[in-house]
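Working notes, beginning with the structure itself.
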Amino acid sequence: MSKEQHELETVNWGVIPIYNYSGTLVEKLVGGYRVYGQTCNTPHEVDLIIMNACSILSESIYKGETVSVVNNGQIAWTNDKKLDNGK
-6 MSKEQHELET VNWGVIPIYN YSGTLVEKLV GGYRVYGQTC NTPHEVDLII MNACSILSES
54 IYKGETVSVV NNGQIAWTND KKLDNGK
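My numbering numbers the first residue of the sequence shown as -6 and each following residue consecutively.
Written out as structure tokens, the structure is:
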């Protein structure tokens, strides 16, 4: 019974040990990997960190109603702190 190797285990890391895996830069360390500043020991841990980051990003996307913006040539901004915008 042969076990299929993980993609990160088959990479030729070369001189600069950085690889684009699933759209994420993964750095090869002695005995492990670093992804998003976190050190992990196995490729499976790399997958978990990437999946966790993707779910956090997905939750941060605003999914409310669509707002249309009209450019009338003036610069304006809004905030919820009721700060003066220079007028």
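In this text, a Cβ means the ideal position worked out from N, Cα and C, and glycines have one as well.
Taking C-beta separations shorter than 6 Å and ignoring five residues to either side along the sequence, the partners of Trp6 in its chain run Lys21, following chain order.
When rounded, the separation of the alpha-carbon atoms in Leu50 and Ile43 is 11 Å. Between Leu1 and Val19, the C-beta gap is smaller than 8 Å, which places the two residues in contact.
Assignment of Glu20 by DSSP, reduced to helix, strand and coil, places it in the strand class. Beyond the five residues adjoining it in sequence on each side, Thr17 comes within less than 7 Å, by CB distance, of Val28, Ile43 in the same chain, given in chain order.
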